[in-house]
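The block underneath contains the structure these notes are about, expressed in structure tokens.
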Amino acid sequence: MSEATVLGGQEVVGVGRIEGPIMVVEGAANVSYDEVVDIQDSRGQHRRGRVLEVGEGFAVVQVFAGSTGLSIDGTRVRFLGDTLHMPVAEEMLGRIFDGLGNPIDGGPEPLTDVYRDVNGQPINPTARIYPRDYIQTGISTIDGVNTLLRGQKLPLFSGAGMPHDQLAAQIVRQATLGRLAGAPQTEGEEFAIVFAAMGVKNDVADYFRKSFTESGALTRVAMFLNLADDPPVERIVTPRAALTLAEYLAYDLGKHVLVVLTDMTNYGEALRQISNVRGEVPSRKGYPGYLYSDLASLYERTGRIRTSEGSITQIPILTMPNDDMTHPMPDLTGYITEGQIVLGRELYYAGVYPPVTVLPSLSRLMKDGIGKGRTRDDHPRWGAQLYAAYAKTQDIRALASVIGEEELSEVDQKYLKFGRAFEREFVNQAFTENRTIERTLEIGWKLLSMLPSKELTRVTLDEIKQYYKGDDATS
Amino acid sequence: MANEVGIITWISGPVVRARGSRHVGMLELVEVGQDRLVGEVIGLKGDQMTVQVYEETAGMQPGAPIYGTGLPLSVELGPGLIQSIYDGVQRPLPLIEQAVGSFITRGARFDSISREKKWKYTPKAKVGDEVKGGDVLGVAMETDTFEHRVMVHPDDAGTLTWVAAAGEYTVNDTIAKLKMGKEEKNVTMLQRWPVRRARPFVQRRGANIPLITGQRILDTFFPVAKGGAAGIPGPFGSGKTVTQHSIAKWADAEVIVYIGCGERGNEMTEVLQEFPHLVDPRSGRPLMERTVLIANTSNMPVAAREASIYTGITIAEYYRDMGYHVALMADSTSRWAEALREVSGRLEEMPAEEGYPAYLAGRLAEFYERAGYVDNLNGTQGSVSIVGAVSPPGGDFSEPVTQHTKRFIRCFWALDKSLASARHFPAINWLDSYSEYIEDVANWWREKVGKDWLGMRTKAMELLSEEARLSQIVKLVGPDALPYAERMVLETARLIREGILQQNATDAVDAYSSVEKQIRLLELVLYFHERGMAIVKRGAPINLIHDLPVVDTIIRAKSSVTNEEINKLDDIQKMIDEQMGQLDAEYR
Ligand SMILES: Nc1ncnc2c1ncn2[C@@H]1O[C@H](COP(=O)(O)OP(=O)(O)OP(=O)(O)O)[C@@H](O)[C@H]1O
Ligand SMILES: [Mg+2]
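So the protein sequences, as listed, match chains R and G. All residue numbers for the first sequence refer to the numbering used here, where the first residue is 1001 and numbers rise by one. All residue numbers for the second sequence refer to the numbering used here, where the first residue is 270 and numbers rise by one.
In structure tokens:
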């Protein structure tokens, strides 16, 4: 798959040591750090690996497919003289690949002479364009209060069994370039979609495939699949392969690309496994000290650059072990991404879809993509007001559970009503419901109108005059 | 120039081992491999050396050469720093983009400071003058208004034998000749300084002038002094970066050094695109004209991330030496500590807590020690204030970086996840935060603002901690169980929280509050409290106070009254008088 395959390279027969997915190859000269190797087992089967460490006369190699079946004497290792490259082409849209980027849909290798290093290179901050164009997803908890912009990285933090796949599929299906509230819906340019699965079950991959088929998107989707029964170490390459294609589509061809990565927690586990086998000093929970930098090398491959019309928007999905947001995977992800959409058990059990827990959710770029000239003037303050009111509802709920609802003041009771309606009417929406931004704003104002206008200190008095419809409305 | 000093024997990520000369110095700058990547010697043992490499090492092989330079890792100092954006080892990012495109490839090498650009220079020293390190030779106009004071290198001293006439010069042109003993040295506007060595000064002074940031919770409640050090820890998304950006925008410093250390690319782009269009409220000039940016984002090489902090602080000290007040922002020091950990891990050093090397505390101390308000070598005074963001894993402040940082700073701005979730911004928790500069800066407030800031601040803090105590009771029994006087405390505390502590960084009016506006707002709220308390104590029901229209007006004043028209706050005081006056009359 890489040019180097064609070129050949020096070969070593027999390896010094094999331990988990790691082997130590002795007696090779001129080996480069991070070089790709081709490994042939005694039955002539090939697999790929990469140099993790190199010294005089030895190299530590990570075998993507794992070392099962490799023997000390019967293994031949060929050093291919370059870092891991893959072909990239527009025709890869509509195709399915394995976790290393090899076609598995029966079709041919992509026909191209463009090869790219899967590790990519950091975007120069001076070359970036700060994201400002919002994506309308039709989902109120996103468009309204956690707006997603083109070129943003916004993960879904979820837990086992919750409908993160549905939500991601709905976002992908409904995503269009946002417009002013009230402006007519125009045929926007459609997103190219790059989907990478790391260690998820086959039915998850199937679910997405079906969803892409139903929405007619399949021809603009490239899928990279490393499933639960595929080699874990390969998972290290899967998101890199996907992002390498995404970068080509976005920055060479000028497309708007949505990248869905699922499940990053499995990716992290693969990284941890390799680190542990190598005996590295762990930081938290056995994860390597470089987990942050490693994740950043994926998530930062998002954005817009000045020399291209295109953009990369990332939606990584992460199931939090034990629903624990302080676990290193969600924690370090949150430190790198530009916000997070958090799904919560409580809403899920209450039958709310999508069960987005709004308080811990955040879109950091939202402020730059909404408001006057982008959505509607009142949008930022309206959003802050909904958050503030809903946060207050939580306090009042806690109080009500102690002293009883009847004992609450009249205003507090209104908050309780507001909170329930917020969850049922704003957060909750059908899987097929595609709300316009004005609809989302309208629902929000309707809910805020359940509160006395005096409570609404985050919005302006003019906005209250214009949109507030509660009992003490002035007009 | 560089000569070969060793042969690479081992490579693992940013760490390379080599065998060779015994004359290579510890912390010497070396060039690694055929591509001559920049590296620094971080370990020596016999003929073995360990090098951390500031660029991506993929493709490098054992057997490749290492070249010595004989110099420690240094920065270039001179006119042209301001408005620049560099990576962690002072490579100019715009030139890299011009040369190699949107993605940073390795091996790209450029002068940190332009050799071609000409600066308008006016000499200040004359032939025959005896000068020593730090003395000002002349002034170059670094922007239309910013005077770059060209100084004698701290290690030099002697007699001026020639000085250039006023005119336009590049940093390579000789602007003076200095006789030092028998030697005569051509002095230019450019000097080098090793980043890991603090630049010298005469002595520290007490830090008792506040760094005014325009942020109410900082200036009014937890001030940092010019020359002081503050830490701002918080979980992800709690507001470290927004707060640091706000300080970089509005602080009354003359130079800002902003270090994006292992953080997001988009955040640096935001500064780059926003600062040229924002106007410094004091000078009336674009904010970029006082700013130096260091951007070593999370996906850029980790060793250069480690260096970025030193690059930034050295540039800050250089401007301090000219007699300026410099504020340095480091976002985030945790990523720097992690870079230390990553390199230490590759060296297989014995880890201390959570995998961090045992020298973590020492390094943090060295960094924060470089803050200070000092008497410079040239007789001027200048300061470097440091604001360091800390990103504790899981938001848990008991982790090593937060804990050690706390030992070396005197001002702690504790961000709070639950405040951020409720969109109370800045999400700085007023009960967990502290400043040890309060007594020190009280005099400044008395003299410069003419108000009893200390007294009012104390009163406000009392109300806030009383509120915290009462909230515990309310949680158990509801607010109705409290006597009116205590509920009055809750009312006022709410006004403090919503009307003063909350400050929206994205609101044009609210983003920056002058000290006059800050103190006047506080005065108003306390006045409201005093009047209200008198009335409820005479039996007026609390909801009458709660329902006064002026409550809403006070909360909105932060964004409805601009800094230029704070006399409008007098009108609000009149509203308090009127509305309270009526109640007063009823319950007399
Ligand atoms: N003073 C403020 N005014 C308005 N919004 C704010 C303010 N402070 C923080 N925010 C909001 O909080 C969000 C997160 O803040 P910020 O990016 O500064 O967090 P952080 O602590 O730097 O997180 P990380 O550690 O992940 O970098 C911002 O995008 C903004 O929406
Ligand atoms: Mg930040």
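Think of the CB as a built atom: it goes at the ideal place given N, C-alpha and C, for glycine as much as any other residue.
- Taking the Cβ of residue 517 of chain G as the reference point, every heavy atom of ligand 1 lies at 6 Å or farther away.
- Residue R:1352 holds the alpha-carbon nearest to the alpha-carbon of residue 1421 of chain R among R:1082, R:1453, R:1406, R:1352.
- Residue 1012 of chain R and residue 321 of chain G have their C-alpha atoms some 30 Å from each other.
- Only those residues of the segment 735-753 of chain G whose C-beta falls short of 8 Å from the nearest C-beta of chain R are listed: 743, 744, 745, 746, 747, 748, 749.
- Remark: the C-beta of residue 509 of chain G is in contact range of ligand 1, defined as less than 6 Å to any heavy atom.
- Counting only runs of 4 or more residues that sit fully inside the segment 1133-1183 of chain R, the alpha helix (DSSP H) segments are 1140-1143, 1164-1174, in chain order.
- With a cutoff of 6 Å, residue 695 of chain G counts as near ligand 1, since its C-beta is closer than that to a heavy atom of the ligand.
- Residue 1054 of chain R belongs to the set of residues whose beta carbon lies under 7 Å from a beta carbon in chain G.
- Those residues of the segment 808-823 of chain G placed with their C-beta closer than 7 Å to a C-beta in chain R are 821, ordered along the chain.
- Only 1398, 1399, 1402, 1403, 1407, 1408, 1409 from the segment 1396-1416 of chain R bring a Cβ to less than 8 Å from some Cβ of chain G.
- Inter-residue distance for residue 1292 of chain R and residue 1299 of chain R is about 10 Å (C-alpha atoms, whole angstroms).
- Residue 787 of chain G is not a Cβ neighbour of residue 549 of chain G, given a cutoff of 7 Å.
- By the neighbour-count criterion, in which a residue is buried when 16 or more other Cβ atoms sit within 10 angstroms of its Cβ, residue 1212 of chain R is buried.
- Using a CB distance cut-off of 7 Å, residue 697 of chain G does not count as an interface residue toward chain R.
- Approximately 7 Å separates the beta-carbon atoms of residue 461 of chain G and residue 346 of chain G; this is inside 8 Å, confirming the contact.
- The shortest CA-to-CA distance from residue 572 of chain G to any of G:833, G:356, G:288 is the one to G:356.
- At least one CB of chain G lies nearer than 7 Å to the CB of residue 1034 of chain R.
- Among the CB atoms of chain R, one or more fall inside 7 Å of the CB of residue 542 of chain G.
- Less than 7 Å divides the Cβ of residue 485 of chain G from the Cβ of residue 772 of chain G.
- Along the segment 1318-1386 of chain R, the beta strand (DSSP E) occurs as fully enclosed runs of 3 or more residues at 1339-1342, listed in sequence order.
- Rounded to the nearest whole angstrom, the C-alpha separation of residue 1405 of chain R and residue 1364 of chain R is 36 Å.
- Each residue's CA atom was taken as its position, placing residue 497 of chain G and residue 583 of chain G some 16 Å apart.
- For residue 1307 of chain R, the neighbours in chain G by C-beta distance under 9 Å run, in chain order, 370, 371.
- Assignment of residue 853 of chain G by DSSP, reduced to helix, strand and coil, places it in the helix class.
- Proximity of chain R to residue 366 of chain G at the Cβ level (cut-off 8 Å) is accounted for by 1124, 1126, 1127, in chain order.
- Fully contained in the segment 646-702 of chain G are the following alpha helix (DSSP H) runs of length 4 or more, in chain order: 669-677, 686-690.
- Close CB contacts of residue 837 of chain G within its chain, under the 7 Å cut and outside five residues either way in sequence, are with 830 (chain order).
- In the DSSP secondary-structure assignment, residue 447 of chain G is bridged to G:429, G:454.
- Taking 8 Å as the upper bound for CB-CB distance, residue 1238 of chain R and residue 1196 of chain R are in contact here, some 5 Å apart.
- DSSP places residue 1260 of chain R in the strand class (E or B) of the three-state scheme.
- Rounded to the nearest whole angstrom, the CA to CA distance from residue 1015 of chain R to residue 378 of chain G is 40 Å.
- At a cut-off of 7 Å between beta-carbon atoms, residue 775 of chain G makes contact with chain R.
- In this structure, residue 1055 of chain R sits away from residue 1037 of chain R, with a CB-CB distance that is not shorter than 7 Å.
- Setting aside the 5 residues that flank it on each side, residue 1194 of chain R is surrounded in the same chain by 1222, 1242, 1245, 1246, 1257, 1259, each with a C-beta closer than 7 Å to its C-beta; the list follows chain order.
- With a threshold of 7 Å between beta carbons, residue 1300 of chain R makes contact with chain G.
- For residue 774 of chain G, the distance from the CB to the nearest heavy atom of ligand 1 is below 6 Å.
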